[in-house]
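In order, the protein sequences belong to chains U and R.
So in our numbering, the last spot in the first sequence is 229, and the numbers never skip.
So in our numbering, the last spot in the second sequence is 229, and the numbers never skip.
Heads up, the beta-carbon is just placed ideally off N, CA and C, and yes, glycines get one too.
Computed from a predicted model, the values in this text were never measured in an experiment.
Protein chains: 2
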Amino acid sequence: MKAKKIKQEVDPSTEEKIKNAARIMFHKKGFAATRTRDIAEEAGINLALLNYYFRSKEKLFDIIMLESMQSFLQSVAMLLNNQDSTWDEKIELFVSNYIDFLMKEPDLPLFVLSELRSNPSSLISKMNMKQLLMKSNFIKQFKEEIKKGKMAPVHPLHFLMNTVAMIIFPFIGRPIVSNIGDLKDHEFIELMQQRKKLIPQWIKMMYKPK
Amino acid sequence: MKAKKIKQEVDPSTEEKIKNAARIMFHKKGFAATRTRDIAEEAGINLALLNYYFRSKEKLFDIIMLESMQSFLQSVAMLLNNQDSTWDEKIELFVSNYIDFLMKEPDLPLFVLSELRSNPSSLISKMNMKQLLMKSNFIKQFKEEIKKGKMAPVHPLHFLMNTVAMIIFPFIGRPIVSNIGDLKDHEFIELMQQRKKLIPQWIKMMYKPK
DNA sequence: AAACATATTAATCATTTGATTAAAACATTT
DNA sequence: AAATGTTTTAATCAAATGATTAATATGTTT
Chain U
20 MKAKKIKQEV DPSTEEKIKN AARIMFHKKG FAATRTRDIA EEAGINLALL
70 NYYFRSKEKL FDIIMLESMQ SFLQSVAMLL NNQDSTWDEK IELFVSNYID
120 FLMKEPDLPL FVLSELRSNP SSLISKMNMK QLLMKSNFIK QFKEEIKKGK
170 MAPVHPLHFL MNTVAMIIFP FIGRPIVSNI GDLKDHEFIE LMQQRKKLIP
220 QWIKMMYKPK
Chain R
20 MKAKKIKQEV DPSTEEKIKN AARIMFHKKG FAATRTRDIA EEAGINLALL
70 NYYFRSKEKL FDIIMLESMQ SFLQSVAMLL NNQDSTWDEK IELFVSNYID
120 FLMKEPDLPL FVLSELRSNP SSLISKMNMK QLLMKSNFIK QFKEEIKKGK
170 MAPVHPLHFL MNTVAMIIFP FIGRPIVSNI GDLKDHEFIE LMQQRKKLIP
220 QWIKMMYKPK
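Right, dumping it as structure tokens:
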């Protein structure tokens with residue numbers, strides 16, 4: 020009893036060890052390039068345990084993928100649903116939070132988008148985000164801003180695409196960006212920090228009505 | 020002699036058939052998820068011919084990857100080097116050309132970026148793009164615009180990242196974008212057409228000096 | 001046409017890889 | 001402590017997969 024508690028608290032359970040290792044490997048190399056043996060080694064467990072706990076590589080992947088999708092879209096959902104902040108505050112908070120999040124999970128976007136390409140993946144449809152979007156406080160405020168004349172009329176999708184693009188792209192294209200700019204790691208991070216303030220400014224400017 | 024010529028002109032050579040099939044499959048599913056048998060089938064040739072012409076899956080991949088990187092960066096290089104157009108024209112031309120290009124090769128960006136993640140890939144460094152960037156006419160004009168007070172002072176990398184991000188992201192995130200916006204294929208294309216005109220406008224706005 | 005070179009095929013090989021099994025180790029309950 | 005249930009291990013299997021081989025077909029040169 021006591022031994023088990025200690026194991027669960029101090030040391031992650033075997034199941035957790037496997038999931039963590041799987042997340043790391045899948046995010047870094049994708050489903051097809053990841054061997055179950057890689058995961059087992061990374062987790063420091065016997066290969067058979069992977070199948071003992073998760074039945075198959077696919078099943079394990081599905082779990083990781085679902086969680087990844089959720090955390091990837093969670094920030095967007097937060098933007099959409101956050102009630103109590105003004106428009107400008109909302110944007111600033113969103114950009115800053117998302118960039119902070121991507122600093123910790125830099126492999127996540129490319130992983131999600133890559134795997135979404137190959138898989139028909141009913142996962143997206145399950146999340147049915149149109150509902151989420153259209154009924155959101157975000158859309159309401161977005162339209163208000165336009166009506167108040169504070170923003171030029173734009174299709175909300177353009178706005179979303181541009182915003183997410185500017186946040187995510189540097190992380191997706193990091194090897195190329197770092198090469199072109201000849202950036203050391205800390206210089207890249209510095210640039211991302213700047214973008215927390217810059218992106219909201221750019222957004223404000225680019226949709227300014229004439 | 021005549022037979023060979025006809026074969027080369029009317030029907031692509033076996034080597035070309037393999038390369039074309041490989042390009043399609045690699046772009047769609049990536050290196051690890053693509054079987055040599057998939058390529059052979061797509062090309063309509065015997066599996067052994069793949070190794071006969073290209074020695075190995077890796078060698079074939081390297082060839083495709085190099086060509087893909089080149090065409091992926093070619094548009095950027097064009098932006099950087101184009102001599103005879105004004106700043107505004109340059110931007111408009113670049114955005115429009117790149118979007119047109121991506122309509123024909125929608126899988127290219129995600130492929131290049133994905134494979135670049137796993138591979139240490141000296142490919143990028145071989146292209147040594149810092150030289151290309153710093154000595155380019157683009158940088159010269161960019162600095163002039165800022166000096167003339169037509170543009171707020173920004174790090175050129177931010178400018179590049181934002182521009183490329185807005186162009187490429189919709190194609191990389193197409194499944195999610197299409198789901199959120201509940202878009203049919205033709206509606207997605209319509210949005211991309213709009214962006215040819217919108218992105219240059221946004222760019223002009225967002226860097227306007229106060 | 002004979003000789004030679006090139007291209008193509010079917011069959012097979014060797015390795016990798018996801019998964020299973022049967023036994024052992026460990027923990028829990030009675 | 002015996003019995004029972006759970007977790008872990010080493011060994012092994014079966015299928016998938018990249019690559020090769022030996023034979024055949026096709027084209028070219030002499």
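Coarse secondary structure for residue i, derived from DSSP in three states
i	result
R/R9	The structure shown has nothing for residue 9 of chain R, since chain R only spans 20 to 229.
R/E124	coil
R/K78	helix
R/M146	coil
R/G200	helix
U/S104	coil
R/Y71	helix
R/P219	helix
U/H174	coil
U/Y117	helix
R/T33	helix
U/I39	Just to set this straight, residue 39 of chain U is Asn in the shown sequence, not Ile. Residue state, collapsed to three classes: helix.
U/I83	helix
R/R54	coil
R/K229	coil
U/S133	helix
R/G168	coil
U/I110	helix
U/K154	coil
U/I64	coil
R/N138	coil
Own chain, CB closer than 7 angstroms to residue i, minus 5 neighbours either side, in chain order
i	result
U/L41	Residue identity check: residue 41 of chain U is Ala in the sequence provided, not Leu. Only I58, L79 and I83 meet the Cβ criterion.
U/K215	V114, S115 and I118
U/V173	Y226
U/K23	Annotation note: pLDDT 34 at U/K23 (below 50); position unreliable, coordinate value reported separately. Around U/K23: no qualifying Cβ.
U/W106	Q160 and E164
U/P228	G168, M170 and A171
U/K47	D126
U/F91	L127, P128 and V131
U/P175	I158 and F161
R/I25	Note on R/I25: pLDDT 30, under 50, position unreliable in the model; the coordinate value appears next. Closer than 7 angstroms at the Cβ level, and outside the excluded window around R/I25, lies no residue.
R/K76	T55
Spatial neighbours of residue i in its chain, beta-carbon cut-off 6 angstroms, leaving aside the 5 residues before and after
i	result
R/K223	none
R/F207	S197
R/I218	V114 and M185
U/E111	P219
U/T53	M44 and F45
U/E34	Y72
Residues of its chain near residue i, where Cβ-Cβ distance is below 8 angstroms and the 5 sequence neighbours each way are ignored
i	result
U/E109	Note on residue identity: the sequence assigns Lys, not Glu, to residue 109 of chain U. So the qualifying residues of the chain are L98, N101, F157 and Q160.
U/N181	I222 and M225
R/K123	none
R/H230	Look at the range of chain R in this structure, 20 to 229, and you will see that residue 230 of chain R is not part of it.
Rounded distance between the beta-carbons of residue j and residue i, thought under 8 angstroms
i	j	result
R/M211	R/P189	6 angstroms
R/L85	U/L129	Actually they are not in contact, since the Cβ atoms of R/L85 and U/L129 sit about 21 angstroms apart, beyond 8 angstroms.
R/G49	U/G49	7 angstroms
U/K195	R/I143	The sequence given here places Ile at residue 195 of chain U; Lys does not occur at that position. Right, their Cβ atoms sit about 6 angstroms apart.
U/F73	U/I43	U/F73 to U/I43, Cβ: 15 angstroms. No contact.
U/L68	U/T55	Actually they do not touch by this definition, with Cβ atoms about 10 angstroms apart.
R/K149	U/D204	Their Cβ separation, rounded to whole angstroms, is 17 angstroms, which puts R/K149 and U/D204 out of contact at 8 angstroms.
R/A51	U/A51	4 angstroms
R/F120	R/S94	6 angstroms
(message) For the segment 138 to 158 of chain U, list every residue whose C-beta sits within 7 angstroms of some C-beta in chain R, in sequence order.
(response) Flagged, chain order: I143, S144, M148, K149 and L152.
(request) Mind checking the segment 49 to 63 of chain U against chain R and listing, in chain order, the residues whose C-beta falls within less than 8 angstroms of any C-beta there? (result) Taking 8 angstroms as the upper bound on Cβ-Cβ separation, chain R lies near residues G49, F50, A51 and A52 of the segment 49 to 63 of chain U.
(message) Any C-beta of chain R within less than 7 angstroms: which residues of the segment 193 to 205 of chain U qualify?
(response) Residues of the segment 193 to 205 of chain U with a Cβ closer than 7 angstroms to any Cβ of chain R, in chain order: P194, I195, V196, N198, I199, G200 and D201.
(message) For the segment 113 to 133 of chain U, list every residue whose C-beta sits within 7 angstroms of some C-beta in chain R, in sequence order.
(response) Shown in chain order are the members of the segment 113 to 133 of chain U whose Cβ falls below 7 angstroms from a Cβ of chain R: L129, L132 and S133.
(request) For the segment 64 to 72 of chain R and the segment 162 to 170 of chain U, state whether three or more C-beta atom pairs, one from each stretch, are separated by less than 8 angstroms. (result) No: the two stretches stay apart, fewer than three of their Cβ pairs being nearer than 8 angstroms.
(request) Taking a Cβ distance cut-off of 7 angstroms, strictly less, list which residues of the segment 69 to 101 of chain U are near chain R, in chain order. (result) If the cut-off is 7 angstroms between Cβ atoms, the segment 69 to 101 of chain U has nothing near chain R.
(request) Pull out every residue of the segment 173 to 193 of chain R whose Cβ sits closer than 9 angstroms to any Cβ of chain U, in chain order. (result) Residues passing the 9 angstroms Cβ filter: V173, H174, P175, L176, H177, L179, M180, N181, V183, A184, M185, I186, I187, F188, P189, I191, G192 and R193.
(message) By the 9 angstroms beta-carbon criterion, what residues does the segment 205 to 218 of chain U contribute toward chain R?
(response) So the close ones are L210, Q213, R214, L217 and I218.
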